[in-house]
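Be aware that the sequence shown starts at 0, since it is given in numbering that gives the first Met the number 0, and climbs by one per residue. Ideal Cβ placement from N, Cα and C applies to all residues, glycine included.
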Amino acid sequence: MAAVKDILLWKDGPKYVLNFRRPATEIGPIRLVPKPNGAVKAPQAPRYTSYARLTQATNLDGVF
């Protein structure tokens with residue numbers, strides 16, 4: 000979760016740049032536990048999770 004300062008058109012293209020009020024906080028790598036031991040497959044599309052689950056997870060099984 001982050002407060003947005005402004006949204007600007009990037010150059011003259013159809014892309015936008017999002018500027019936040021504060022610098023982003025880095026989240027360390029979250030490893031994938033391959034099946035059969037892991038419950039989650041490698042993500043193939045965007046998925047939603049909560050910030051709390053994302054920051055507390057040690058692998059993808061804990062994120063989703």
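For V3, the pairing in a beta bridge is given by DSSP as F19. Taking the Cα of T57 as reference, the smallest distance to any Cα among L7, G27, T48, S49 is reached at G27. Distances from the CA of A41 to each of P13, R30, Y50 were compared; the closest alpha carbon is that of R30. When DSSP states are grouped into helix, strand and coil, L53 belongs to the helix group.
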